[in-house]
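Presented below is the structure to which this report refers.
Protein chains in written order, with my numbering: chain A, 2 to 609; chain B, 745 to 1077.
Okay, here's the thing in structure tokens:
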């Protein structure tokens, strides 16, 4: 590496962008794994279209992957990339606007044919017309160098070889930021064990990209980002989907219940089905149902039969499941329903994030049909949230809605693995005693007995018709319905929920109160504003949306101003105003992207 | 020794007086002891409609679900608990209209549930609208000028959905109901039993041709596996294949017994069962009842259930630890 300058950075945001068939998600996830190994803190944001292969070379077929890594604790995938890797003109035109001024653009020069420029909508070549003068531009003929690097590998045509150009890009950026090559080399070996020729081509492309960085005079500087200080422990990288899957498996093991997961394919929740369906060996049953309604009914049937019944979906599927969730409220059986929120209404933007299902989760069923609702706040928090959802469902005999979103599902971060021994136990407390058994008798939480079929002497019938408290017999008596309606509300109110913890180091007058995936942006903004500008502000985050923590009203009333940022048109703020008569302020963002740290900083600065 | 009383709940039955459901309930309660399965291990699942109330009258475990979804609820029960005997009771609106999707998928998967489809060709609980099995031209409250819908033939639909067991019986024919339930219970996998059920309030007499005294003797074509298909008071009529290859009803005296079609419910291809299903498009004349098809094929989830049970017995904190630590990890000292 003679003649090359090594600069130290404390944080970098890189964005890989290309055609949806170019393998950008894979490139990003390999870079992420290598980054985790270095010990940087990191956060990622995949950003891809709903179309599997939109017309090649067009802006709406562009798929991107952004990673933020740093030598300190970070919480978001970063607002503005420092480096953009663009595999074709469409990737450049759709992403260059997000790049920081003076940032680095690395393009695959071979992708900039006249044809591709026209498809992207360029009238002249931006590599030559000066329109990228504000950036540091590196033109690298990635496709042709990849083809040359793979020359001589048996059974590989130039066309096959060209498909490995994403690994060339990966190699080049890996060199720029001093990422170790071993994780990628090992991964290629495993991934292509059955197709060694393709493996060899990918390896050659990766090495060629890395070596190009090292030897080409074009790139004079490379960078290092030190490991971030982190508490001792064993770490892995997880996205929200993996963490959720592990959390559900953990909840099953901690409760001794079989995990029964039924769902219907829907973006972005399908990944959870893929993830859980690999775990037969841990006793996990998965069913791909014929539709969303069948999926939730299967899970509910399994719950009646004594399993941990779980279904997951996204917005449109929630609409379809609503009637069955209401049935679960009447049944008073444990059920976990995961809603990986996405941009609506209707089909909306299936691959873009939003958090606009809160009021639907709380109120989106006919009649008075209350149920507990919780929301995960970071990718790794999906693990704890899954266990918490199962705990509430099982111990309180109720359906629980767990809200995540597209951003949490796809985004990844390092996760300090919990000590399995420290995880909470969940007691299903099945009914076994036939003496005086009544299916709607109540314990101290007002939960009814979970008497599963096969238990001698506990035969009973449950249904959606109103039932008499205690006996569970059908009842249309007016006093009983009034009683049962209040009782179902009280059952949810009695769910034990920890108080809101307020982080207020300086005695602030402004509280920023978030829920869901806005956590990272709120915390990130608060740290920077305190550190860089000495601003005084308090932050807090709500995980339990129903019931709300007991101290919610007191917390709201103890600040002069309360700002509630949300990825919807102001749903939590409406609830807080209605429940507590506090004039909370709303910041909303509904552009399909997560709330950025920059967004939060602007909002807070304007109020401090 | 279990008796009918062991399967009768203490709930007052609340169907209309004279409803065919009473007869089916009595037949099912009388048949259940034959299974030799304690009522604690039996689950009935129903949807919405008059038939949905069935569950409250059986002293077994029971779930009264929402409209059309009983097969999906039952799939959750049956696949997670292969030790249970799971029965679905549904109606023509519940199973074939709002719940059509779940019915066909439960049948094609071959989930081990027995589905009793009470077909009265009308919506009863909502007070008399036409159903997906009502005849074209049916005048009801919602079709004052006559229905324009072409009806489903439930047996044909089930066969088209790749059902491994399809049968038909008549509500008041206690012996035939019992015989049909026996065959359904013995079948491994999903079983669909269509029960012609008279709604004496909104569609009285819809099945008189095969149900009323004086007509049923002439019109019930009782299918028996391996036997020539004959019917009539003296077995004087039968089903034979005509010169055009199609099934037709014949006088045995005219064609001779050897010309009769021999019923084969176990044939892999469903063509004969289909032909028999369409021998009578409506139950207004000679109509086949009994088992149309009974085919062995893998039961959904059976092998997996055993695998999962073994896995669960050996899963604990150690396995969870290994799961969390699978893949790439790193340690911070």
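For each residue, glycine too, the CB sits at the ideal point set by N, CA and C.
Fill in: Exposure of residue 105 (chain A), with buried meaning 16 or more beta-carbon neighbours within 10 Å
Numbered from 1 along the first chain, position 104 holds the residue referred to as residue 105 (chain A). That one is buried.
Item to complete: Establish whether the CB of residue 395 (chain A) and some CB of chain B are separated by less than 7 Å.
Response: Position 394 of the first chain, counted from the first residue, corresponds to residue 395 (chain A). By this cut-off, residue 395 (chain A) is not an interface position.
Worksheet entry | Buried versus exposed, by CB contacts within 10 Å (16 or more), residue 272 (chain A) | As a working note, residue 272 (chain A) is residue 271 in the first chain. Its Cβ being crowded by 16 or more others within 10 Å, residue 272 (chain A) is buried.
Item to complete: Just tell me which of A:463, A:504, A:405 and A:396 has its CA closest to the CA of residue 492 (chain A).
Response: Walking along the first chain from the start, residue 492 (chain A) turns up at place 491. Of A:463, A:504, A:405 and A:396, the smallest CA-CA separation from residue 492 (chain A) is found for A:396.
Discussion item. Ignoring anything shorter than 3 residues, give me the beta strand (DSSP E) runs that lie fully in the segment 447-493 of chain A, in order along the chain.
Written reply: Along the segment 447-493 of chain A, the beta strand (DSSP E) occurs as fully enclosed runs of 3 or more residues at 462-464, listed in sequence order.
Discussion item. Measuring only the C-alpha atoms, how far is residue 1035 (chain B) from residue 890 (chain B)?
Written reply: Here residue 1035 (chain B) corresponds to residue number 291 of the second chain, with the count starting at 1. Here residue 890 (chain B) corresponds to residue number 146 of the second chain, with the count starting at 1. In this structure, the straight-line span from the alpha carbon of residue 1035 (chain B) to that of residue 890 (chain B) is close to 33 Å.
Discussion item. Within a Cβ cutoff of 6 Å, which residues of the same chain sit near residue 1051 (chain B), ignoring the five residues on either side of it in sequence?
Written reply: Translated into positions along the second chain, residue 1051 (chain B) becomes position 307. Cβ within range, chain order: n/a, list empty.
Item to complete: Taking residue 838 (chain B) as the query, report the chain A residues whose CB atoms sit under 7 Å from its CB, ordered along the chain.
Response: On the second chain, position 94 is the one that residue 838 (chain B) refers to. Contact of residue 838 (chain B) with chain A by beta-carbon distance below 7 Å is absent, the smallest such distance being about 13 Å.
Worksheet item: Using the rule of at least 16 other Cβ atoms within 10 Å of the residue's Cβ for burial, across every protein chain shown, is residue 885 (chain B) buried or exposed?
Response: Within the second chain, residue 885 (chain B) is the residue found at index 141, counting from 1. Looking at its Cβ environment, which holds fewer than 16 other Cβ atoms inside 10 Å, residue 885 (chain B) is exposed.
Fill in: Cβ shell of residue 217 (chain A) (< 7 Å), same chain only, five flanking positions each side left out
Reading the first chain from its first residue, position 216 is the one you call residue 217 (chain A). For residue 217 (chain A), where only same-chain residues beyond five positions count, there are no Cβ hits under 7 Å.
Item to complete: Using beta-carbon positions only, say whether residue 818 (chain B) and residue 789 (chain B) come within less than 7 Å of one another.
Response: Locating residue 818 (chain B) in the second chain gives position 74, where the first residue counts as 1. Locating residue 789 (chain B) in the second chain gives position 45, where the first residue counts as 1. Contact: yes.
Worksheet item: What does residue 178 (chain A) touch in chain B if you count any residue whose Cβ is under 7 Å from its own?
Response: Residue numbering aside, residue 178 (chain A) sits at position 177 when the first chain is read from its first letter. Here the premise fails: no neighbours, minimum Cβ distance about 17 Å.
Worksheet entry | Below-7 Å beta-carbon distance, residue 38 (chain A) vs any chain B residue | Your numbering for residue 38 (chain A) matches position 37 in the first chain. So, interface residue.
Worksheet item: What are the boundary residues of the beta strand (DSSP E) that residue 235 (chain A) is part of?
Response: In the first chain, the residue the question calls residue 235 (chain A) occupies position 234. Counting along the chain, residue 235 (chain A) sits inside the beta strand (DSSP E) bounded by residues 234-240.
Item to complete: Using a threshold of 7 Å, state whether the C-beta atoms of residue 806 (chain B) and residue 302 (chain A) are closer than that.
Response: Here residue 806 (chain B) corresponds to residue number 62 of the second chain, with the count starting at 1. Here residue 302 (chain A) corresponds to residue number 301 of the first chain, with the count starting at 1. It is not a contact, given that the beta carbons lie outside the stated cut-off.
Practice prompt. Taking only runs that begin and end inside the segment 322-397 of chain A, name each unbroken beta strand (DSSP E) of 3 or more residues, in chain order.
Written response: For secondary structure counted as the beta strand (DSSP E) over 3 or more consecutive residues, the segment 322-397 of chain A holds these complete runs in sequence order: 336-342 and 374-376.
Worksheet item: Under 7 Å between the Cβ atoms of residue 50 (chain A) and residue 67 (chain A)?
Response: Looking up residue 50 (chain A) in the first chain gives position 49. Looking up residue 67 (chain A) in the first chain gives position 66. No; because the gap between Cβ atoms is not below 7 Å, this pair is not in contact.
Worksheet entry | Distance, residue 31 (chain A) Cα to residue 64 (chain A) Cα | As a first step, residue 64 (chain A) must be located in the first chain, where it is residue number 63. As a first step, residue 31 (chain A) must be located in the first chain, where it is residue number 30. C-alpha separation (whole angstroms): 16 Å.
Worksheet item: Are there 16 or more other CB atoms within 10 angstroms of the CB of residue 570 (chain A), so buried, or fewer, so exposed?
Response: Taking the first residue of the first chain as 1, we reach residue 570 (chain A) at position 569. Exposed, since its Cβ has fewer than 16 Cβ neighbours within 10 Å.
Worksheet item: Which ranges does the beta strand (DSSP E) cover as unbroken runs of at least 3 residues, wholly within the segment 807-862 of chain B, from first to last along the chain?
Response: Runs of beta strand (DSSP E) with 3 or more residues, each lying fully within the segment 807-862 of chain B, are found at 829-835, listed in chain order.
Worksheet item: Hey, how far is the Cα of residue 585 (chain A) from the Cα of residue 1060 (chain B)?
Response: In the first chain, counting from the first residue as 1, residue 585 (chain A) sits at position 584. In the second chain, counting from the first residue as 1, residue 1060 (chain B) sits at position 316. The alpha-carbon separation between residue 585 (chain A) and residue 1060 (chain B) amounts to approximately 46 Å.
Item to complete: Kindly indicate which three-state DSSP category residue 508 (chain A) falls into: helix, strand or coil?
Response: Translated into the one-based positions of the first chain, residue 508 (chain A) becomes position 507. In the structure shown, residue 508 (chain A) falls within a coil segment according to DSSP collapsed to helix, strand and coil.
Fill in: residue 995 (chain B) (DSSP reduced to helix, strand or coil)
By 1-based counting over the second chain, the position of residue 995 (chain B) is 251. Strand at residue 995 (chain B).
Fill in: Contact belief for residue 513 (chain A) with residue 576 (chain A) at Cβ below 8 Å, rounded distance in angstroms
Counting from one through the first chain, the residue named residue 513 (chain A) turns up at place 512. Counting from one through the first chain, the residue named residue 576 (chain A) turns up at place 575. Actually they are not in contact, since the Cβ atoms of residue 513 (chain A) and residue 576 (chain A) sit about 17 Å apart, beyond 8 Å.
Discussion item. Is there a C-beta anywhere in chain A that falls below 7 Å from the one on residue 1076 (chain B)?
Written reply: Taking the first residue of the second chain as 1, we reach residue 1076 (chain B) at position 332. Chain A has a Cβ within less than 7 Å of the Cβ of residue 1076 (chain B).
Practice prompt. Let me know if residue 502 (chain A) comes out buried or exposed under the rule of 16 or more other beta-carbons within 10 Å of its beta-carbon.
Written response: For the purposes of this step, residue 502 (chain A) is taken as residue 501 along the first chain, with counting starting at 1. The residue is exposed, with fewer than 16 neighbouring Cβ atoms inside 10 Å.
Worksheet item: Can you find a C-beta in chain B that's less than 7 Å from the C-beta of residue 305 (chain A)?
Response: Counted from its first residue, the first chain places residue 305 (chain A) at position 304. For residue 305 (chain A), the nearest CB of chain B lies under 7 Å from its own CB, placing it at the interface with that chain.
Practice prompt. Using a Cβ-Cβ cut-off of less than 9 Å, list which residues of the segment 440-463 of chain A approach chain B; keep chain order.
Written response: For the segment 440-463 of chain A, which is checked against every Cβ of chain B, the residues closer than 9 Å are 452, 453, 454, 455, 456, 457, 458, 459, 460, 461, 462 and 463.
Item to complete: Report yes or no: do three or more beta-carbon pairs, one from the segment 40-48 of chain A and one from the segment 261-279 of chain A, lie closer than 8 Å?
Response: No, because fewer than three Cβ pairs between the segment 40-48 of chain A and the segment 261-279 of chain A fall closer than 8 Å, the two stretches do not touch.
Fill in: Within 7 Å, strictly: CB atoms of residue 245 (chain A) and residue 210 (chain A)
If you number the first chain from 1, residue 245 (chain A) lands on position 244. If you number the first chain from 1, residue 210 (chain A) lands on position 209. No, the pair does not count as a contact, with Cβ atoms beyond the cut-off.
Worksheet item: Should residue 287 (chain A) be labelled buried (16 or more other beta-carbon atoms within 10 Å of its own) or exposed?
Response: Here residue 287 (chain A) is taken as the residue at index 286 of the first chain, counted from 1. Residue environment for residue 287 (chain A): buried (at least 16 other C-beta atoms within 10 angstroms of its C-beta).
Worksheet entry | Endpoints, alpha helix (DSSP H) assigned at residue 519 (chain A) | As a working mapping, residue 519 (chain A) is identified with position 518 in the first chain. Premise fails: residue 519 (chain A) is in no alpha helix (DSSP H) and is neither H nor E.
Discussion item. Using C-beta distances below 8 Å, list every residue in its chain close to residue 747 (chain B), excluding the 5 sequence neighbours before and after it, in chain order.
Written reply: Against the second chain, residue 747 (chain B) aligns to sequence position 3. Only 777 meet the Cβ criterion.
Item to complete: Grab the span of the beta strand (DSSP E) containing residue 264 (chain A) for me, first residue to last.
Response: In the first chain, the residue the question calls residue 264 (chain A) occupies position 263. Segment 260-264, the beta strand (DSSP E) holding residue 264 (chain A).
Item to complete: Answer yes or no: do residue 522 (chain A) and residue 538 (chain A) have a C-beta to C-beta separation smaller than 7 Å?
Response: Counted from its first residue, the first chain places residue 522 (chain A) at position 521. Counted from its first residue, the first chain places residue 538 (chain A) at position 537. No, these two residues do not count as a Cβ contact at 7 Å.
Worksheet item: In angstroms, rounded to a whole number, what distance separates the CA positions of residue 91 (chain A) and residue 1013 (chain B)?
Response: As a working note, residue 91 (chain A) is residue 90 in the first chain. As a working note, residue 1013 (chain B) is residue 269 in the second chain. Their backbone Cα atoms lie some 54 Å apart in a straight line.
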